[in-house]
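Asker:
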Amino acid sequence: MKINFIGIGEAFDENRINTCIFIEDASLLIDCGYSAVQRIWKEDLHNKINTIFISHFHADHTFGLPALLVRYYEEKRETPLTILGAKGIEKYIRNITELGYPNRIDNLGFRLTFQEINSDSSVNLESAALTFAKADHIDSSFAIRIKKDSKSIVYSGDSGYCTEIVELAKDTDILIHESYTSQKDKEAKDLKKHSSFLSCGLCAANSACKTLALVHILRTSCDNNAIEQEVRQAYRGTLLIPKEGEELEV
Ligand SMILES: [Zn+2]
Ligand SMILES: [Zn+2]
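Going by numbering that gives the first Met the number 0, the first residue of the sequence shown is number 0, and it counts up by one from there.
#1: Is the Cβ-Cβ distance between LEU217 and HIS176 less than 8 Å?
#2: I want to check one thing, is the minimum distance from the CB of GLU9 to the heavy atoms of ligand 2 below 7 Å?
#3: Does DSSP classify THR171 as helix, strand or coil?
#4: Are the beta-carbon atoms belonging to ALA187 and TYR234 less than 8 Å from one another?
#5: Out of SER140, LYS47, ILE92, which one is the CA nearest neighbour of ASP24?
#6: Just checking, does the stretch 89–106 make contact with the stretch 31–48 on the three C-beta pairs under 8 Å criterion?
#7: Give a yes or no on contact between the stretch 53–65 and the stretch 86–103, applying the rule of three or more CB pairs nearer than 8 Å.
#8: So is the beta-carbon of HIS136 under 7 Å away from any non-hydrogen atom of ligand 1?
#9: Does the beta carbon of ASP12 fall short of 7 Å from some heavy atom of ligand 2?
#10: Give a single yes or no on whether ASP157 has its beta carbon closer than 7 Å to a heavy atom of ligand 1.
#11: Mind the definition here: the stretch 157–170 touches the stretch 124–137 only if three or more C-beta pairs lie below 8 Å; say whether that holds.
#12: Examine the Cβ distances between the stretch 86–93 and the stretch 4–23 and report whether three or more of them are shorter than 8 Å.
#13: With a cut-off of 8 Å on the beta carbons, I'd call ASP172 and THR210 a contact; round off their distance for me.
#14: Name the two residues that bound the continuous alpha helix (DSSP H) containing LYS47.
#15: For ARG231, count neighbouring Cβ atoms within 10 angstroms of its own Cβ and tell me buried if that reaches 16, exposed if not.
#16: Verify the contact flag: HIS215, CB atom, against every heavy atom of ligand 2, threshold strictly below 7 Å.
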């Protein structure tokens, strides 16, 4: 499966696009923050997206959707689009789109459907199977596992260390984990709902994933050597700190 790291940044980084990932084999876009949309068009990915998964209702993961949907309208998209997310996904997307572009959401010119998911859900796309686990962030935050043939990809969404994600990521080919800051910084700031580099290492070691990829790194904590040193306290497998726009085949 081919992964395109459209964005790998956190919410407010002036140099990095919000974390946003495209899984080409599943025609699946994962999260869509306010800085991701331009890049989706620039990379010519917009016509390849059939399904969008929203990990949680924070703006750096969702506020690109009004622009994405209305540009689809402008460019006369006809292909149906499905948005997957936690309970309330339809109301949330309707609200943010209505604020930005009143009276447009019901007249997009293509069929837009919403599907609520929870940790027991399984969704079968044409070419991949999706399962989910509760993440430890805000209410209704979910991680996703994408499986195609013998390959799988897991994305944590924003989350502190949690056993549900360890289980979801068991033996996966790649665990893409939110990785906010160092353990020391996390403790100093009492950040309970984000992961340190060390806790990502622990999650990767305990899930026995083959590769760990770190995204959503705090703009002041992007020192790759320091990150690797901390991850290595717990995890010996392959470690990747993807660059924006990087593509990877698993
Ligand atoms: Zn968040
Ligand atoms: Zn975030």
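Where is the CB? At the ideal position from N, CA and C, for every residue including glycine.
Answerer: Inspection of the coordinates gives the following:
#1: Position 218 of the sequence shown, counted from the first residue, corresponds to residue 217. Position 177 of the sequence shown, counted from the first residue, corresponds to residue 176. No, they are not a contact pair.
#2: Counting from 1 along the sequence shown, the entry for residue 9 is found at position 10. Yes, since a heavy atom of ligand 2 falls inside the 7 Å radius drawn around the Cβ of GLU9.
#3: On the sequence shown, residue 171 is found 172 positions in, with the first residue counted as 1. Coil at THR171, not helix or strand.
#4: The residue labelled residue 187 in the question sits at position 188 within the sequence shown. The residue labelled residue 234 in the question sits at position 235 within the sequence shown. Their beta carbons are not under 8 Å apart, which means ALA187 does not touch TYR234 by this criterion.
#5: Here the question's residue 24 lines up with position 25 in the sequence shown. Nearest option by C-alpha distance: LYS47.
#6: no
#7: yes
#8: Residue 136 sits at position 137 when you count from the first residue of the sequence shown. For ligand 1, at least one heavy atom lies less than 7 Å from the Cβ of HIS136.
#9: Walking along the sequence shown from the start, residue 12 turns up at place 13. No - ligand 2 has no heavy atom lying nearer than 7 Å to the Cβ of ASP12.
#10: Mapped onto the sequence shown, residue 157 falls at position 158. Correct: ASP157 has its Cβ closer than 7 Å to ligand 1.
#11: yes
#12: no
#13: Numbered from its first residue, the sequence shown carries residue 172 at position 173. Numbered from its first residue, the sequence shown carries residue 210 at position 211. With 8 Å as the limit, ASP172 and THR210 qualify as a contact, their Cβ atoms being about 7 Å apart.
#14: Locating residue 47 in the sequence shown gives position 48, counting from the first residue. Element bounds for LYS47: n/a, residue is neither H nor E.
#15: Your numbering for residue 231 matches position 232 in the sequence shown. Classification for ARG231: exposed.
#16: As a working mapping, residue 215 is identified with position 216 in the sequence shown. It does: the Cβ of HIS215 is within 7 Å (strictly closer) of some heavy atom of ligand 2.
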